[in-house]
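Chemist: The structure follows.
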Amino acid sequence: MLGDNSMILGHRLSELCGHGPSLETDIALTNISLDLFGQVRHYFQYAAKIKGAETTEDNIAFLRLPNEYKNTLLVEQPNTDLAYVIARQFFYDVYHLLLLDQLINSTDKQIAAIATKSIKEVKYHTRFSSQWVKRLGDGTAESHEKMQTAIDYLYPYTADLFKETPLEVSLKEAGIGADLTKIKESWLTQVKSVLEEATITFPENPYGHVGGKEGVHSEHLGYILSDLQYMQRAYPNMTW
Amino acid sequence: MQDLEKDFQDRIDRGEVIEPRDWMPEKYRKTHIRQISQHAHSEIVGMLPEGNWLTRTPTLRRKVALLAKVQDEAGHGLYLYSAAETLGISRDELFEQLNAGKAKYSSIFNYPTLSWADIGIIGWLVDGAAIINQVMLTRTSYGPYARAMVKICKEESFHQRQGFEIMMTLCNGTAVQKQMAQDSLNRWWWPSLMMFGPPDAESTHTEQSMKWKIKLKTNDELRQQMVDVTVEQAKVLGLTMPDPDIKWNEERGHYDFGEIDWEEFWQVVKGYGPCNKERLAARNKAWDEGAWVREAAVAYAEKQAAKRTQAIAV
Ligand SMILES: [Fe+2]
Ligand SMILES: [Fe+2]
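Written out as structure tokens, the structure reads:
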């Protein structure tokens, strides 16, 4: 689940590489993508070890069926414009950081180790995306409007982040996973504070979209997977 | 004036390094702006054909390596634009020249990346050719350019090893993979030889550039070096060079090779290659669609600065 979030978000960012508004943002977003894929490799190598037999990190990354990917709906949303990219990143980064902050104490030593390593990176991601929310929100009239539109559009997808699945409940009870109910409050406080500084109105939308974590995705995931899985599907069982 | 130019030439002949504050002939400055910016543009446009495969890498390890490589190229662009800025031109001006189709970049990036093997080939041949060119440029007379080259060369050789390793994996793989590798070499070999520019006899800039030590070797010398190195590497890979005229020449101590299709070269240089329009359109799109973002960043910085001054005043 964590691995899938990092992978799909990293994938979305990799689509932007070479097409950003400036060299500096291009480099920064690629850097975040790189960090996320680094985390993906840690999670999937660990998962492959648990599965045993012939499973590799690449089988897990590239050869599952669409409903076996358990990323949240938020991270698969498209790069409509840079405001969407930043809003998506910001909502996810704040969540990701709070999540890792719990996972560093996971009873699963390996998960705790990965979380400890990732948390430094995600702190930087959060700083980067929060800064850009402010820059775009409190920049020009045009950028403000674009930022507000993106926040309004993406906010309903954040519901998926906090909806606990049965698997998450059991992991939480075993002391392996995080307690999402605890995260939600801090998330709201932090998000609201940055949006306020950015002069963005907090979207009061009572309805949210959920399902990603149980494999019920938006239409976007199919297209992401057709890119992501292309080589492994077109040329099965080869070494690259 | 005469004396200044003579002194300048003497300094270069003595092997001294020219720095931004030093006096330099206007033509030296212009030539450097042209060459450094062409080089910078090549790094940036070069991100596009490789970026084309970022979402479709076959493994996670390759994904991370390719992301890092394309990011390095963006970094090279940054160093080089900064080096060009020391000569009194801004990055924005240079971008505008590129987007308007007025500036040149390496013609190799106007070819499409059609298979995963093309990512291996770009590392192996294109970064390989870049290294041959750039190792020479680490000793070029203009200080900021030479120093940028030292930094960049280290990364390019890493890219080249990585590309060669992709090719090696394909060549040790299934018949389909080996075919993919051969097909890619067939398409990219000739364009990569064209990267060194027109033959010496037709090169308009070579003579003056050699005198000012902007270039230390001619296009044809560098091209020969590329052929000699690549033929040996292709043997290791077990690939066939797509040129029946390649033959060791004992007397010259070099490989002979076939005639390059210069008409194709000029066609691509003049903007009629397979991807010229796409590459320029992609750069223009990124620039135009990024305008509101850059404006917002400036506006925000100004507001913050104003707030700070206010805070101090209070
Ligand atoms: Fe480069
Ligand atoms: Fe390179």
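Chains as they are written, first to last, in this note's numbering: chain A, 1 to 240; chain B, 1001 to 1314.
Just so you know, even glycine gets a beta-carbon here, dropped at the ideal spot from N, CA and C.
Can you tell me whether B:K1213 is helix, strand or coil according to DSSP?
Modeler: Translated into the one-based positions of the second sequence, residue 1213 of chain B becomes position 213. DSSP places B:K1213 in coil when its eight states are reduced to three.
Chemist: Residues of chain B with CB closer than 8 Å to the CB of A:H19, please, in chain order.
Modeler: By one-based count along the first sequence, residue 19 of chain A stands at place 19. The answer, in chain order, is G1051, A1282, K1285, A1286.
Chemist: Taking 9 Å as the threshold (C-beta atoms), are B:H1205 and B:Q1224 in contact?
Modeler: As a position in the second sequence, residue 1224 of chain B is number 224, starting the count at 1. As a position in the second sequence, residue 1205 of chain B is number 205, starting the count at 1. The answer is no: Cβ separation not under 9 Å.
Chemist: Quick check: is any heavy atom of ligand 2 less than 8 Å from the C-beta of B:H1159?
Modeler: Your numbering for residue 1159 of chain B matches position 159 in the second sequence. Checking the Cβ of B:H1159 against ligand 2 gives yes.
Chemist: Within 8 Å: the Cβ of B:H1076 and any heavy atom of ligand 2?
Modeler: Working through the second sequence from its first residue, we reach residue 1076 of chain B at position 76. Yes, the Cβ of B:H1076 comes within 8 Å of a heavy atom of ligand 2.
Chemist: With C-beta atoms as the reference, is A:T30 less than 9 Å away from B:A1065?
Modeler: In the first sequence, counting from the first residue as 1, residue 30 of chain A sits at position 30. In the second sequence, counting from the first residue as 1, residue 1065 of chain B sits at position 65. No, these two residues do not count as a Cβ contact at 9 Å.
Chemist: What's the call for B:W1262, buried or exposed, on a 16-neighbour Cβ count within 10 Å?
Modeler: The residue given as residue 1262 of chain B occupies position 262 in the second sequence. Per the 10 Å Cβ criterion, exposed.
Chemist: Going by CA-CA distance only, name the one from B:I1036, B:L1216, B:G1290, B:A1201 that's closest to B:A1148.
Modeler: The residue labelled residue 1148 of chain B in the question sits at position 148 within the second sequence. Of the listed residues, the one whose Cα sits closest to B:A1148 is B:I1036.
Chemist: So A:D26 and A:C17 are supposed to be a Cβ contact under 8 Å. How far apart are they, rounded?
Modeler: As a working note, residue 26 of chain A is residue 26 in the first sequence. As a working note, residue 17 of chain A is residue 17 in the first sequence. Going by Cβ atoms, the distance from A:D26 to A:C17 rounds to 7 Å, so yes, they are a contact pair.
Chemist: Just how far apart, CA to CA, sit A:Q89 and A:M147?
Modeler: One-based indexing of the first sequence puts residue 89 of chain A at position 89. One-based indexing of the first sequence puts residue 147 of chain A at position 147. Taking the straight line from one Cα to the other gives about 13 Å.
Chemist: Just the C-alpha distance for A:Y153 and B:I1214, rounded to the nearest angstrom, thanks.
Modeler: As a position in the first sequence, residue 153 of chain A is number 153, starting the count at 1. As a position in the second sequence, residue 1214 of chain B is number 214, starting the count at 1. Distance between the alpha carbons of A:Y153 and B:I1214: 53 Å.
Chemist: When the Cα atoms are used, what is the spatial distance from B:A1175 to B:I1121?
Modeler: As a first step, residue 1175 of chain B is located in the second sequence; it is residue number 175 there, counting from the start. As a first step, residue 1121 of chain B is located in the second sequence; it is residue number 121 there, counting from the start. Between B:A1175 and B:I1121, the C-alpha separation is close to 18 Å.
Chemist: Going by the CB atoms, is the gap between A:L98 and A:S218 shorter than 9 Å?
Modeler: Here residue 218 of chain A corresponds to residue number 218 of the first sequence, with the count starting at 1. Here residue 98 of chain A corresponds to residue number 98 of the first sequence, with the count starting at 1. Cβ atoms of A:S218 and A:L98: not closer than 9 Å.
Chemist: If the criterion is Cβ atoms closer than 9 Å, does the pair B:M1194 and B:I1119 meet it?
Modeler: Counted from its first residue, the second sequence places residue 1194 of chain B at position 194. Counted from its first residue, the second sequence places residue 1119 of chain B at position 119. Not a contact, by the Cβ cut-off of 9 Å.
Chemist: In three-state terms, what does DSSP make of B:W1189?
Modeler: As a position in the second sequence, residue 1189 of chain B is number 189, starting the count at 1. Note: B:W1189 maps to helix in three-state DSSP.
Chemist: Taking 8 Å as the line, does the beta carbon of B:A1130 fall inside it for any heavy atom of ligand 2?
Modeler: Reading the second sequence from its first residue, position 130 is the one you call residue 1130 of chain B. Yes, Cβ of B:A1130 sits closer than 8 Å to a heavy atom of ligand 2.
Chemist: For chain A, is any of its Cβ atoms less than 9 Å away from the one on B:T1057?
Modeler: As a working mapping, residue 1057 of chain B is identified with position 57 in the second sequence. At least one chain A Cβ lies under 9 Å of B:T1057.
Chemist: Going by beta-carbon coordinates alone, are A:T212 and A:K70 separated by less than 9 Å?
Modeler: Position 212 of the first sequence, counting from 1, holds the residue named residue 212 of chain A. Position 70 of the first sequence, counting from 1, holds the residue named residue 70 of chain A. It should be noted that the sequence gives Gly, not Thr, for residue 212 of chain A. Contact: yes.
Chemist: According to the Cβ coordinates, are B:P1058 and A:Y43 closer than 9 Å?
Modeler: As a working mapping, residue 1058 of chain B is identified with position 58 in the second sequence. As a working mapping, residue 43 of chain A is identified with position 43 in the first sequence. Not closer than 9 Å, so no.
Chemist: Counting only C-beta atoms, is B:G1238 closer than 9 Å to chain A at any point?
Modeler: Numbered from 1 along the second sequence, position 238 holds the residue referred to as residue 1238 of chain B. No, because no Cβ of chain A sits closer than 9 Å to the Cβ of B:G1238.
Chemist: What three-state label does DSSP hand A:I86 in the structure shown?
Modeler: By one-based count along the first sequence, residue 86 of chain A stands at place 86. Reduced to three states, the DSSP call for A:I86 is helix.
Chemist: Any beta carbon from chain A within less than 9 Å of B:V1126's own beta carbon?
Modeler: Working through the second sequence from its first residue, we reach residue 1126 of chain B at position 126. With 9 Å as the cut-off, B:V1126 does not count as an interface residue toward chain A.
Chemist: Please confirm if the stretch 1004–1022 of chain B is in contact with the stretch 1128–1143 of chain B, defined as three or more CB-CB distances below 8 Å between the two stretches.
Modeler: yes
Chemist: Whose C-beta lies closer than 8 Å to the C-beta of B:Q1134 among residues of the same chain, with five residues either side of it excluded?
Modeler: As a first step, residue 1134 of chain B is located in the second sequence; it is residue number 134 there, counting from the start. Closer than 8 Å at Cβ, skipping near neighbours: M1149, I1152, C1153, E1156.
Chemist: If you measure between the beta carbons of B:S1107 and B:V1269, is that distance less than 9 Å?
Modeler: Working through the second sequence from its first residue, we reach residue 1107 of chain B at position 107. Working through the second sequence from its first residue, we reach residue 1269 of chain B at position 269. Yes, Cβ-Cβ distance for B:S1107 and B:V1269 is below 9 Å.
Chemist: Classify B:I1036 as helix, strand or coil using the three-state DSSP reduction.
Modeler: Position 36 of the second sequence holds residue 1036 of chain B. Note: B:I1036 maps to helix in three-state DSSP.
Chemist: How about B:P1112 and B:N1186: are their beta carbons less than 9 Å apart?
Modeler: Position 112 of the second sequence holds residue 1112 of chain B. Position 186 of the second sequence holds residue 1186 of chain B. Result no, Cβ atoms of B:P1112 and B:N1186 do not sit closer than 9 Å.
Chemist: Check whether the Cβ of B:N1172 lies closer than 9 Å to any Cβ atom in chain A.
Modeler: Mapped onto the second sequence, residue 1172 of chain B falls at position 172. With its beta carbon less than 9 Å from one in chain A, B:N1172 belongs to the interface.
Chemist: According to DSSP, is B:N1249 helix, strand or coil?
Modeler: Position 249 of the second sequence, counting from 1, holds the residue named residue 1249 of chain B. B:N1249: strand per DSSP, three-state reduction.
Chemist: Would you check if there are 3 or more beta carbon pairs closer than 8 Å linking the stretch 1241–1249 of chain B to the stretch 1164–1180 of chain B?
Modeler: no
Chemist: For chain A, check one thing: does any of its Cβ atoms lie closer than 9 Å to the Cβ of B:M1241?
Modeler: Residue 1241 of chain B sits at position 241 when you count from the first residue of the second sequence. Not an interface residue.
Chemist: What residues are listed by DSSP as bridge partners for A:I200?
Modeler: Taking the first sequence and counting its residues from 1, one reaches residue 200 of chain A at position 200. Looking at the DSSP assignment, A:I200 forms no beta bridge with any residue, so it has no partner.
Chemist: By DSSP's criteria, A:D227 is part of a beta bridge. Which residues make up the other side?
Modeler: Against the first sequence, residue 227 of chain A aligns to sequence position 227. Answer is none; A:D227 lacks a bridge partner.
Chemist: What does A:T251 touch in chain B if you count any residue whose Cβ is under 8 Å from its own?
Modeler: Outside the modelled stretch of chain A, which goes from 1 to 240, sits residue 251 of chain A, for which no answer is possible.
Chemist: Any idea which residues DSSP pairs B:I1018 with across the strands?
Modeler: Reading the second sequence from its first residue, position 18 is the one you call residue 1018 of chain B. Per DSSP, B:Y1142.
Chemist: Mind listing the chain B neighbours of A:I143? Cutoff is C-beta to C-beta under 9 Å, in chain order.
Modeler: Indexing the first sequence from 1 puts residue 143 of chain A at position 143. With the sequence shown as reference, residue 143 of chain A is identified as Ser, and Ile is not the correct amino acid for it. The answer, in chain order, is W1292, V1293, E1295, A1296, A1297, A1299, Y1300.
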